[in-house]
Amino acid sequence: MTAAVLMPASVDEAVDMLNSSPGARILAGGTDYMVEVNYGHAKPKSVVSLRALDALRVWRRDGDTLELGSGIRFADIQTSELAKLVPALAQAARTIGSPQIRNAATIGGNVATASPAGDGLPVLFAMEAVVNVAGVHGRRALPINEFITGVKRTALGPGELIVSISVPVASGPQEFLKVGRRNAMVIALANLALIVDGDRRKVACALGSVGPTIIRCDEAEGLVARKVNWDRMRLDDPQVYQDFGELCANSARPINDHRATADYRRHAIAVLASRALMRTL
Amino acid sequence: MDEQISFTLNVNGHKHEIQSAWLGESLLFVLRERLNLWGTKNACEQGECGSCSVLIDGRLCCSCLEMAAAAVGTDILTIEGLAPNGDLSDIQEAFVEEGGVQCGFCTPGMVVAVHDLLEANPSPSSLEIREALSGNLCRCTGYGRIEAAVRRVVEARHG
Chain A
100 MTAAVLMPAS VDEAVDMLNS SPGARILAGG TDYMVEVNYG HAKPKSVVSL RALDALRVWR
160 RDGDTLELGS GIRFADIQTS ELAKLVPALA QAARTIGSPQ IRNAATIGGN VATASPAGDG
220 LPVLFAMEAV VNVAGVHGRR ALPINEFITG VKRTALGPGE LIVSISVPVA SGPQEFLKVG
280 RRNAMVIALA NLALIVDGDR RKVACALGSV GPTIIRCDEA EGLVARKVNW DRMRLDDPQV
340 YQDFGELCAN SARPINDHRA TADYRRHAIA VLASRALMRT L
Chain B
2 MDEQISFTLN VNGHKHEIQS AWLGESLLFV LRERLNLWGT KNACEQGECG SCSVLIDGRL
62 CCSCLEMAAA AVGTDILTIE GLAPNGDLSD IQEAFVEEGG VQCGFCTPGM VVAVHDLLEA
122 NPSPSSLEIR EALSGNLCRC TGYGRIEAAV RRVVEARHG
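These protein sequence lines are chains A and B, in that order. Count along the first sequence from 1, add 99, and you get the number used in the numbering used here. Count along the second sequence from 1, add 1, and you get the number used in the numbering used here.
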């Protein structure tokens, strides 16, 4: 393989290039991959850069579905009209890295990297996002919980490219919360997204950094869905806030590592979950 | 032996031929080691410290996280391009006046980040200044004097 940076101008061209250069690395914002390269952990032989692929940086709303181009950068999610349509994703975007990182890092890169601590991921899991992938045999769509299969592992096949991510536009309040050692430039010790969908009368909560992949809190979600007064979009029983936090913490499967202990992470989830619920219902 | 590549970068309005580079070289490495633009500093090489901040097509970025060969076709602006001819920009002068420069290592990245902030938001609040500089670490000043320098620029520009 010839060492080169290939710059496709269309999705079809990108797929062709990926298939004619097996082993070529897809480069989006580079904020994860270049760290590996700088530290000698990865050695690109050939790269398909998505920089010129403007088609991946657009979004469109079709009824209740929002399709986000995989190349949309977090800085743009934070500030654009998107912030009104998916407020939890905008909140998550604002906590990612620093202004410099958010100007480069993309939503598609966040999904493809599949870090257990990826800040966009709890929101996408809670919204039951669908990952739209293009390959030489055409397009396929996978629910995000099937696309991300493990720590930094995905179902993306050789020669495939994430084109977009589809999420529903929900009518209710949303919240994203994160704990780390400081506010900026921090890898989450625990993060959490809570989506209340008034139209579908659904509550969804997803936890990050407390398991190999993002964890949904089925039991806690069910409790709130039963207790909420959907006509007023309020919780009448204050005990639910605490119970919700405890049930979410029970769903977490954290580990001890150099960033935090499992106990601390579990406690953080209980606090974040209660707080998120108080802010939304 | 790694296969070598050649490409052209547009830095501070000038085209530069980069020859016999390795594919994985960061823009930071190319700026410092191949183009002798030493104003852009190298510290963490993982986007944590902001000392390598440059503008790529007008967007504030960490040059350590840009693959140089993938920056072909972009307009790259470094600290050297912000105040050509060896002059100090008003931002640099304000840093000096307010004591926002101590060891000086973070200063080029800070100045580029402040330039970017004020282009987009000529009258930032204290919170907006702090958030805009949250990706730039300074181990000397405690940031108070840097924030004071930004305020000084804002006041001077508003006359």
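C-beta: ideal position from N, C-alpha, C; glycine also.
Ser148 (chain A) - containing beta strand (DSSP E), residue span: Locating residue 148 (chain A) in the first sequence gives position 49, where the first residue counts as 1. From DSSP, the beta strand (DSSP E) with Ser148 (chain A) extends over 146-148.
Neighbourhood of Ala157 (chain B) by C-beta distance below 8 Å, restricted to the same chain and skipping five residues each side: Mapped onto the second sequence, residue 157 (chain B) falls at position 156. Asp91, Ala95.
Any C-beta of chain A under 8 Å from that of Ser126 (chain B): As a first step, residue 126 (chain B) is located in the second sequence; it is residue number 125 there, counting from the start. Taking Cβ atoms only, chain A never reaches closer than 8 Å to Ser126 (chain B), which makes this a no.
Asn13 (chain B) versus Ala324 (chain A) - alpha carbon distance: Start at 1 with the first residue of the second sequence, and residue 13 (chain B) comes out as number 12. Start at 1 with the first residue of the first sequence, and residue 324 (chain A) comes out as number 225. Cα to Cα, the separation comes out at about 57 Å.
Cβ separation of Gly40 (chain B) and Ile80 (chain B), assumed to be a contact under 8 Å, to the nearest whole Å: The residue you call residue 40 (chain B) lines up with position 39 of the second sequence. The residue you call residue 80 (chain B) lines up with position 79 of the second sequence. About 4 Å; that satisfies the 8 Å criterion.
Cβ distance (whole Å) where Ala108 (chain A) is taken to contact Ala141 (chain A) below 8 Å: The residue given as residue 108 (chain A) occupies position 9 in the first sequence. The residue given as residue 141 (chain A) occupies position 42 in the first sequence. Incorrect: roughly 26 Å between the Cβ atoms, too far for contact.
Burial state of Gly168 (chain A) (16 or more Cβ within 10 Å): Taking the first residue of the first sequence as position 1, residue 168 (chain A) is located at position 69. That one is buried.
Nonlocal neighbours in the same chain, by C-beta distance under 6 Å from Thr312 (chain A), ignoring five residues either side: Your numbering for residue 312 (chain A) matches position 213 in the first sequence. Contacts found: Ile247.
Where Met68 (chain B) meets chain A, residues with beta-carbon distance less than 9 Å: Position 67 of the second sequence, counted from the start, is the residue given in the question as residue 68 (chain B). Per Cβ cutoff of 9 Å: Val104, Leu126, Gly129, Tyr132, Met133, Val136, Pro143, Val146, Ser148.
Any 3 or more C-beta pairs closer than 8 Å across the region 225-234 of chain A and the region 337-344 of chain A: no
Chain A within 8 Å of Gln47 (chain B), Cβ atoms only: Locating residue 47 (chain B) in the second sequence gives position 46, counting from the first residue. So yes, Gln47 (chain B) belongs to the interface.
DSSP state of Asp131 (chain A) mapped onto helix, strand, coil: Here the question's residue 131 (chain A) lines up with position 32 in the first sequence. Here Asp131 (chain A) sits in coil by DSSP.
Contacts that Thr164 (chain A) makes with chain B (C-beta to C-beta distance below 9 Å): As a first step, residue 164 (chain A) is located in the first sequence; it is residue number 65 there, counting from the start. Ordered by position in chain B, no residue passes the 9 Å Cβ test against Thr164 (chain A), which lies about 29 Å from the chain.
Cβ-based neighbour list, Arg33 (chain B), same chain, cut-off 8 Å, excluding 5 preceding and 5 following: Locating residue 33 (chain B) in the second sequence gives position 32, counting from the first residue. Answer for Arg33 (chain B): Trp39, Thr41, Asn43, listed in chain order.
Per DSSP, the bridge partner or partners of Trp23 (chain B): As a first step, residue 23 (chain B) must be located in the second sequence, where it is residue number 22. Answer is B:Gln5, bridged to Trp23 (chain B).
Where the region 172-199 of chain A meets chain B: residues whose CB sits under 7 Å from a CB there: Gly196, Ser197, Pro198, Gln199
Span separating the alpha-carbon of Thr178 (chain A) from that of Ile206 (chain A): Position 79 of the first sequence, counted from the first residue, corresponds to residue 178 (chain A). Position 107 of the first sequence, counted from the first residue, corresponds to residue 206 (chain A). Approximately 14 Å, taken between the alpha carbons.
Identity of the residue in A:Arg156, A:Ala182, A:Leu322 nearest Val222 (chain A) by Cα: Walking along the first sequence from the start, residue 222 (chain A) turns up at place 123. Selected option, being the one with the closest Cα: A:Ala182.
Under 8 Å between C-beta atoms of Leu134 (chain B) and Ile147 (chain B): Reading the second sequence from its first residue, position 133 is the one you call residue 134 (chain B). Reading the second sequence from its first residue, position 146 is the one you call residue 147 (chain B). It is a contact, given that the beta carbons lie within the stated cut-off.
Start-end ranges of the beta strand (DSSP E) lying completely within the region 264-307 of chain A, minimum 3 residues: 273-278, 289-296, 301-307
Cβ-Cβ separation, Arg378 (chain A) to Glu274 (chain A) (assumed contact under 8 Å), whole Å: In the first sequence, counting from the first residue as 1, residue 274 (chain A) sits at position 175. In the first sequence, counting from the first residue as 1, residue 378 (chain A) sits at position 279. Rounded, the Cβ-Cβ distance is 5 Å, consistent with contact.
Below-8 Å beta-carbon distance, Ala84 (chain B) vs any chain A residue: Counted from its first residue, the second sequence places residue 84 (chain B) at position 83. Chain A contact via Cβ: absent.
Rounded C-alpha distance that separates His236 (chain A) from Leu117 (chain A): Mapped onto the first sequence, residue 236 (chain A) falls at position 137. Mapped onto the first sequence, residue 117 (chain A) falls at position 18. Looking at the two C-alpha atoms, the distance is approximately 13 Å.
Lys183 (chain A), DSSP secondary structure in three states: Walking along the first sequence from the start, residue 183 (chain A) turns up at place 84. In the structure shown, Lys183 (chain A) sits in a helix (DSSP, three-state: H, G or I).
Chain-order list of residues whose beta-carbon lies under 7 Å from that of Asp131 (chain A) (same chain, five-residue window excluded): If you number the first sequence from 1, residue 131 (chain A) lands on position 32. Taken in chain order, the residues that qualify are Gly208, Thr212.
Gly163 (chain B) in three-state terms, based on DSSP: Coverage of chain B is limited to positions 2 through 160, which leaves residue 163 (chain B) absent and any answer about it impossible.
C-beta neighbour in chain B for Met284 (chain A), strict 8 Å: As a first step, residue 284 (chain A) must be located in the first sequence, where it is residue number 185. By this cut-off, Met284 (chain A) is an interface position.
Unbroken beta strand (DSSP E) run spanning Thr248 (chain A), endpoints: Counted from its first residue, the first sequence places residue 248 (chain A) at position 149. Segment 247-249, the beta strand (DSSP E) holding Thr248 (chain A).
Interface partners of Thr101 (chain A) on chain B, CB under 8 Å: Locating residue 101 (chain A) in the first sequence gives position 2, where the first residue counts as 1. Those are Glu4, listed as they occur along chain B.
Amino acids of chain B, ordered along the chain, whose beta-carbon sits closer than 7 Å to that of Asn202 (chain A): Locating residue 202 (chain A) in the first sequence gives position 103, counting from the first residue. What Asn202 (chain A) touches in chain B: Arg60, Leu61, Cys62.
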